[in-house]
Amino acid sequence: MANNPNNKNNYPKKIGIIMDGNGRWAKANKLKVTQGHEKGVGVVKDIVEECVAKNIESLTIYAFSSENWSRPKSEVNGIKKLIVKAIIDQVPELKEQGVMLNFFGDVRSFGYEIKEKTESAEDDTFQESPSLRLNVALGYGGRKDIVNTCKELAIDYKAGRIKTNDIDEDMIAATSQVPDDNIDLIIRTGGDKRLSNFLLFQAAYAEFMFIDKLWPDFTKDDFIKCLNSFKKVRRRFGKRV
Numbered sequence: 003m004a005n006n007p008n009n010k011n012n013y014p015k016k017i018g019i020i021m022d023g024n025g026r027w028a029k030a031n032k033l034k035v036t037q038g039h040e041k042g043v044g045v046v047k048d049i050v051e052e053c054v055a056k057n058i059e060s061l062t063i064y065a066f067s068s069e070n071w072s073r074p075k076s077e078v079n080g081i082k083k084l085i086v087k088a089i090i091d092q093v094p095e096l097k098e099q100g101v102m103l104n105f106f107g108d109v110r111s112f113g114y115e116i117k118e119k120t121e122s123a124e125d126d127t128f129q130e131s132p133s134l135r136l137n138v139a140l141g142y143g144g145r146k147d148i149v150n151t152c153k154e155l156a157i158d159y160k161a162g163r164i165k166t167n168d169i170d171e172d173m174i175a176a177t178s179q180v181p182d183d184n185i186d187l188i189i190r191t192g193g194d195k196r197l198s199n200f201l202l203f204q205a206a207y208a209e210f211m212f213i214d215k216l217w218p219d220f221t222k223d224d225f226i227k228c229l230n231s232f233k234k235v236r237r238r239f240g241k242r243v
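The sequence shown begins at 3 in this note's numbering and counts up one residue at a time.
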């Protein structure tokens, strides 16, 4: 995918965010867990606006992991309702900003309504040259993605469509369900310092920034600080410079 020609400030072109801490924020404020997730959606909106303003090429957010299915049923159902509401409320504004939505992961497991809403949102926001590609991971796990990629390549090999020597990093990236590869920066809020099965292949050379703030408390100013910190990093990719 082409880089955004307007991004001339040495900001990261492709950013991933692990939005951790909604539940802990709700508990600390004596609110329901779903209210923490609702507050978190508002933060996403602010960060998307800042990405557009800063000419970031893509933003990939970890909305719901494959492991999150083990959470209480009431919380999962609340998240499902929130996904539908967020799509209905925000798609018109995203279209106005020129933001293109992509959903990936095991979206089918969320049921027919969400599958229909996500596909409709993708169609409604599609454009050839978006101001920002907003990729939303739903029911996604990095290990499962790698396994599924291997299976697809094995099927193509068995069918004679590809040869062993055809398989390289570019083919793996193209076969993966993740819309963007070669993530430049991953931000995780909530204080934990781990990837939690997020973009394992795509984050091979990403810079990592771990923020102690819980996601609902994360602000545009915090995001800008991360961008400015990234600008100071010398990225050598294994070379001697």
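Every residue, glycine too, gets a C-beta built ideally from N, C-alpha and C.
Across the set K15, R26, A28, G42, the C-alpha of G42 shows the shortest separation from the C-alpha of F220.
Remark: C-beta atoms of W217 and G23 approach each other more closely than 7 Å. Here A28 has K34, V35, Q37, G38 as same chain residues with Cβ atoms under 7 Å from its own Cβ, once five neighbours each way along the sequence are excluded. Secondary structure at E59: coil, using DSSP grouped into helix, strand and coil.
Listed as beta-bridge partners of S231 by DSSP are no residues whatsoever.
With respect to the 7 Å criterion, V138 and A65 are classified as neighbours on the basis of their beta carbons.
Take K146, set aside five residues on each side of it, and the residues of its chain with a beta-carbon closer than 7 Å to its own are S68, in chain order. The C-alpha of A156 lies about 28 Å from the C-alpha of T62.
For G25, the uninterrupted alpha helix (DSSP H) segment begins and ends at 24 to 30. DSSP lists S67 as the bridge partner or partners of Y142.
In the structure shown, V109 falls within a helical segment according to DSSP collapsed to helix, strand and coil. Straight-line spacing of the CA atoms in M21 and V45 works out to 10 Å. Straight-line measurement puts the Cα of E95 at about 13 Å from the Cα of L134.
Cβ contact annotation for K47 (same chain, cutoff 7 Å, sequence separation greater than five): Q92, in chain order. The C-beta distance from G18 to I188 rounds to 4 Å, short enough to fall under 8 Å.
In this structure E124 does not touch F112 by the C-beta definition: roughly 15 Å separates them, more than the 8 Å allowed. Per DSSP, I85 lies in no beta strand (DSSP E); the unbroken alpha helix (DSSP H) holding it starts and ends at 75 to 99. Between E52 and F225, the C-beta spacing is below 7 Å. By the CB criterion at 7 Å, G144 and F200 fall inside the cutoff. DSSP links G18 through a beta bridge to T62, I188. For the 7 Å CB-CB criterion, K56 and V86 do not form a contact.
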